[in-house]
Amino acid sequence: MLPPPKLNLLDIVALKNDLPQHQLLAGQVGTIVEILAPEVYEVEFSDDDGQTYATQALPNHQLLKLHYKPIANMTDFANNVMEIGSKLGIELIKQ
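Each residue of the sequence shown is one higher than the last, beginning at 6 in the numbering used here.
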């Protein structure tokens, strides 16, 4: 299994799993606002008006980094597909 991608300050991330104890659902989008420890991040969740509704310390394995730029080439695309498949427990065959 590939290691999780390195996350950086101000990266946009989504939750991979529900966190009912914090009233957060899988898929909610937040911004990394602090690096607390290796692979532990403070994530701020805001509404459409920019008002923060939750801030939570989360480990890397609970986060999915979101990308808003096109992938530069098909090799990068294939590597990203393989990485996502691995995270989802899907074994893909690379030809």
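Where a beta carbon is used, it is the ideal one built from N, C-alpha and C, also for glycine.
On a predicted model such as this, the values are computed, not experimentally measured, just so you know.
Practice item. Output the distance between the C-alpha atoms of Glu-47 and Gly-94, rounded to the nearest integer angstrom. Key: The residue labelled residue 47 in the question sits at position 42 within the sequence shown. The residue labelled residue 94 in the question sits at position 89 within the sequence shown. The straight-line gap from Cα to Cα measures roughly 26 Å.
Could you name the residues that DSSP lists as bridge partners for Leu-24? Reading the sequence shown from its first residue, position 19 is the one you call residue 24. Answer is Leu-29.
Notebook entry, point to check: Whose C-beta lies closer than 7 Å to the C-beta of Ala-31 among residues of the same chain, with five residues either side of it excluded?
Noted result: Residue mapping note: residue 31 aligns to position 26 of the sequence shown, counting from 1. Result list for Ala-31: Leu-20, Lys-21, Asn-22 and Asp-23, in chain order.
Checklist line | Cα-Cα separation between Glu-44 and Gln-67, rounded to whole angstroms | finding: Position 39 of the sequence shown, counted from the first residue, corresponds to residue 44. Position 62 of the sequence shown, counted from the first residue, corresponds to residue 67. Distance between the alpha carbons of Glu-44 and Gln-67: 10 Å.
Does Gln-67 come out as helix, strand or coil in the three-state DSSP assignment? For the purposes of this step, residue 67 is identified with residue 62 of the sequence shown, where counting begins at 1. Helix at Gln-67.
- Query: Between the beta-carbon of Gln-28 and the beta-carbon of Ala-59, is there less than 9 Å?
  - Reply: Residue numbering aside, residue 28 sits at position 23 when the sequence shown is read from its first letter. Residue numbering aside, residue 59 sits at position 54 when the sequence shown is read from its first letter. Contact flag set, yes.
**Item:** For Tyr-46, the first and last residue of its enclosing beta strand (DSSP E)
**Value:** Within the sequence shown, residue 46 is the residue found at index 41, counting from 1. Taken as a continuous stretch (DSSP letters only), the beta strand (DSSP E) holding Tyr-46 covers 45-51.
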